[in-house]
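Asker: Numbering (my numbering), first residue to last: 159 to 503.
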Ligand code: TLP
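(1) Are the Cβ atoms of residue 181 and residue 397 separated by less than 8 Å?
(2) For the ligand TLP, I want to know if residue 218 counts as a neighbour, meaning its beta carbon is within less than 7 Å of at least one of the ligand's heavy atoms.
(3) Considering residue 212, what are the terminal residues of the beta strand (DSSP E) in which it resides?
(4) Please confirm whether any heavy atom of the ligand TLP lies closer than 7 Å to the CB of residue 332.
(5) What first and last residue would you give for the beta strand (DSSP E) that runs through residue 446?
(6) Taking the Cβ atom as the reference point for each residue, do residue 340 and residue 460 lie within a distance shorter than 8 Å?
(7) Name the two residues that bound the continuous alpha helix (DSSP H) containing residue 479.
(8) Please classify residue 503 as buried or exposed, where buried requires at least 16 neighbouring CB atoms within 10 angstroms.
(9) DSSP on residue 126, reduced to helix/strand/coil?
(10) CB residue 195 to CB residue 367, shorter than 8 Å?
(11) Measuring from the CB of residue 301, is there a heavy atom of the ligand TLP at a distance below 7 Å?
(12) By DSSP, does residue 503 sit in helix, in strand, or in coil?
(13) Please look up how many angstroms separate the CB atoms of residue 363 and residue 298, rounded, as I've assumed it's under 8 Å.
(14) Restricting to runs no shorter than 4 residues, where is the alpha helix (DSSP H) found entirely within the stretch 271-334?
(15) Given 7 Å as the limit, tell me if residue 248 has its C-beta closer than that to any heavy atom belonging to the ligand TLP.
(16) From residue 322 to residue 242, what distance separates their C-alpha atoms?
(17) Could you check where the alpha helix (DSSP H) with residue 344 kicks off and where it finishes?
(18) What is the rounded straight-line gap between the Cα of residue 266 and the Cα of residue 249?
(19) Give me the DSSP bridge partner(s) of residue 435.
(20) In this structure, does DSSP put residue 474 in helix, strand or coil?
(21) Return the Cβ separation of residue 313 and residue 296 in integer angstroms, given the expectation that the two are a contact with Cβ distance under 8 Å.
(22) Should the stretch 159-177 be regarded as contacting the stretch 465-472, the criterion being three or more beta carbon pairs within less than 8 Å?
(23) Going by beta-carbon coordinates alone, are residue 356 and residue 369 separated by less than 8 Å?
(24) Is residue 383 buried or exposed, if buried means 16 or more other CB atoms sit within 10 Å of its CB?
(25) Which residue's Cα is closest to the Cα of residue 215: 389, 290, 198, 260?
(26) Give the secondary structure of residue 196 by DSSP, where H, G and I count as helix, E and B as strand, and everything else as coil.
(27) Can you give me the start and stop residues for the beta strand (DSSP E) that residue 395 sits inside?
(28) Classify residue 451 as buried or exposed, calling it buried when 16 or more other Cβ atoms lie within 10 Å of its own Cβ.
(29) Return yes when the C-beta of residue 372 is under 7 Å from any heavy atom of the ligand TLP, and no when it is not.
(30) What I want to know is whether the C-beta of residue 439 ends up closer than 7 Å to one or more non-hydrogen atoms of the ligand TLP.
(31) Are residue 447 and residue 433 touching if we call contact CB-CB under 8 Å?
(32) Evaluate contact between the stretch 269-278 and the stretch 316-331, counting only Cβ atoms and requiring at least three cross-stretch pairs below 8 Å.
(33) Should residue 504 be labelled buried (16 or more other beta-carbon atoms within 10 Å of its own) or exposed?
(34) Taking only heavy atoms of the ligand ADP into account, decide whether any of them is closer than 7 Å to the Cβ of residue 297.
(35) For the stretch 231-257, list the alpha helix (DSSP H) runs that are entirely contained and at least 4 residues long, ordered along the chain.
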């Protein structure tokens, strides 16, 4: 069979030879002692990209979000977040299990935002009976909302409600550079009024591993202790940080290619009666299945060498990334059309 086209996630992207070369030659030291110059360089770089004072290198986006929740809150507090957010949907309830906070989910709108009046109404003052809300979590781009880039007006409405209530804001910016490319603004503008922001190196940026949590220096120092608490202190990890530095230098400018490829993929799928795809703003295509069963489609795709994941009872997700070319998209569409049995509409 011809080469598999893996659209399950941008996390499947592999480090390039040039990135591996940068990793192999990285200067390293024991980062728990603060001795790794490459990690320090990456943390400075990340903070400056996000317009924050400091940053912390962590193994995963999940750990970055967990540390943000642990560091912004005290056990027994409440956090307000989207019902479709990664923190609520996909992090095994770490906020509740490890940070010991209540999670108060509110409906995510299709554009990934939440209604700011609903957020204001949900936020509670601590009293004898009620926990206090101390953190609002926002996600941009929004994964389950089809990679939507939250408009700045929506970000600003949410951060101003939180500021009025003296509630901190954490932005899960796992794919913030995709949002920045789609909105045509610097990532720092998106994160401007958020107290902390995390982003991932291991998705659209093509690194094998790693995320950064960014925020004020005292917050990052407390997060560093929490990272040690959950076992995330790493040693000669400059080898991984070097991949991050390489990606920030070389892989940001090309994200709009992934977005164009996602649009082409969605346009092709839209011609087949069985599928109703979103209008992707970034690199995530979500497809509502109109005919047949999702599981059957996923295995039929797989037999043709096209990999996708289930993303709801009758919804599939396909993600473009730096190992997917426009030719791969065309090949994937041809393979899908060959099994669709559907007449173009
Ligand atoms: N998302 C993964 C899966 O977990 C769903 C994916 O394939 O998209 N925030 C957001 C918005 C994410 O999409 C993800 C990963 C994370 C956080 C967690 O990052 P990792 O996988 O590094 O823990």
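We treat Cβ as the ideally placed atom computed from N, Cα and C, and that holds for glycine. Every value quoted in this text rests on a predicted model; they were computed, and no experiment measured them.
Answerer: The answer reads as follows:
(1) For this step, residue 181 is matched to residue 23 along the chain shown. For this step, residue 397 is matched to residue 239 along the chain shown. Result yes, Cβ atoms of residue 181 and residue 397 sit closer than 8 Å.
(2) The count along the chain shown starts at 1 and reaches residue 218 at position 60. In this structure, residue 218 has its beta carbon less than 7 Å from a heavy atom of the ligand TLP.
(3) On the chain shown, residue 212 is found 54 positions in, with the first residue counted as 1. Under the DSSP assignment, residue 212 falls in the beta strand (DSSP E) whose first and last residues are 212-216.
(4) In the chain shown, the residue the question calls residue 332 occupies position 174. Within the cutoff, so yes.
(5) By one-based count along the chain shown, residue 446 stands at place 288. Start and end: 442-447.
(6) Counting from one through the chain shown, the residue named residue 340 turns up at place 182. Counting from one through the chain shown, the residue named residue 460 turns up at place 302. Result no, Cβ atoms of residue 340 and residue 460 do not sit closer than 8 Å.
(7) As a working note, residue 479 is residue 321 in the chain shown. Residue 479 -> no alpha helix (DSSP H), and no H or E assigned at all.
(8) As a first step, residue 503 is located in the chain shown; it is residue number 345 there, counting from the start. Caution is warranted here: a pLDDT of 38 is assigned to residue 503, below 50, making its placement in the model unreliable, and the coordinate value is therefore given only provisionally. Residue environment analysis places residue 503 among the exposed positions, since fewer than 16 neighbouring C-beta atoms fall within 10 angstroms of its C-beta.
(9) Nothing about residue 126 can be read from this structure; the chain reaches only from 159 to 503.
(10) Position 37 of the chain shown, counted from the first residue, corresponds to residue 195. Position 209 of the chain shown, counted from the first residue, corresponds to residue 367. Cβ atoms of residue 195 and residue 367: not closer than 8 Å.
(11) Position 143 of the chain shown, counted from the first residue, corresponds to residue 301. Yes, the ligand TLP has a heavy atom inside 7 Å of this Cβ.
(12) For this step, residue 503 is matched to residue 345 along the chain shown. In this prediction, residue 503 has a pLDDT of 38, which is less than 50 and means its spatial position is unreliable; what the coordinates show is noted afterwards. In the structure shown, the three-state DSSP call for residue 503 is coil.
(13) As a first step, residue 363 must be located in the chain shown, where it is residue number 205. As a first step, residue 298 must be located in the chain shown, where it is residue number 140. About 16 Å; that fails the 8 Å criterion.
(14) 274-280, 310-322, all fully within the stretch 271-334.
(15) In the chain shown, residue 248 corresponds to position 90, counting from 1. A heavy atom of the ligand TLP is found nearer than 7 Å to the CB of residue 248.
(16) Numbered from its first residue, the chain shown carries residue 322 at position 164. Numbered from its first residue, the chain shown carries residue 242 at position 84. Their backbone Cα atoms lie some 25 Å apart in a straight line.
(17) Stepping through the chain shown from its first residue, residue 344 is reached at position 186. Note, residue 344: premise wrong, no alpha helix (DSSP H); not H, not E.
(18) As a working note, residue 266 is residue 108 in the chain shown. As a working note, residue 249 is residue 91 in the chain shown. One C-alpha to the other measures close to 17 Å.
(19) Position 277 of the chain shown, counted from the start, is the residue given in the question as residue 435. Looking at the DSSP assignment, residue 435 forms a beta bridge with 445.
(20) Here residue 474 is taken as the residue at index 316 of the chain shown, counted from 1. For residue 474, the three-state secondary structure derived from DSSP is strand.
(21) Here residue 313 corresponds to residue number 155 of the chain shown, with the count starting at 1. Here residue 296 corresponds to residue number 138 of the chain shown, with the count starting at 1. Confirmed, about 7 Å.
(22) Taking a contact to require three or more Cβ pairs closer than 8 Å, the stretch 159-177 and the stretch 465-472 qualify as touching.
(23) As a position in the chain shown, residue 356 is number 198, starting the count at 1. As a position in the chain shown, residue 369 is number 211, starting the count at 1. Their beta carbons are under 8 Å apart, which means residue 356 touches residue 369 by this criterion.
(24) Counting from 1 along the chain shown, the entry for residue 383 is found at position 225. Looking at its Cβ environment, which holds fewer than 16 other Cβ atoms inside 10 Å, residue 383 is exposed.
(25) Sequence index remark: in the chain shown, residue 215 carries index 57 (1-based). Nearest option by C-alpha distance: 198.
(26) In the chain shown, counting from the first residue as 1, residue 196 sits at position 38. Residue 196: helix per DSSP, three-state reduction.
(27) In the chain shown, the residue the question calls residue 395 occupies position 237. First-last for residue 395: undefined, no H or E at that position.
(28) Residue mapping note: residue 451 aligns to position 293 of the chain shown, counting from 1. Burial is judged here by how many other beta carbons sit within 10 angstroms of a residue's own beta carbon; residue 451 has fewer than 16 and is exposed.
(29) Within the chain shown, residue 372 is the residue found at index 214, counting from 1. False, no ligand heavy atom lies under 7 Å from that Cβ.
(30) As a first step, residue 439 must be located in the chain shown, where it is residue number 281. No.
(31) In the chain shown, residue 447 corresponds to position 289, counting from 1. In the chain shown, residue 433 corresponds to position 275, counting from 1. Taking the C-beta atoms as reference points, residue 433 is found nearer than 8 Å to residue 447.
(32) Judged by Cβ distances under 8 Å, the stretch 269-278 makes contact with the stretch 316-331, as three or more pairs qualify.
(33) Residue 504 is absent from the structure shown; the chain starts at 159 and stops at 503.
(34) The model on display carries the ligand TLP but not the ligand ADP.
(35) DSSP runs (the alpha helix (DSSP H)) wholly in the stretch 231-257: 244-248, 252-255.
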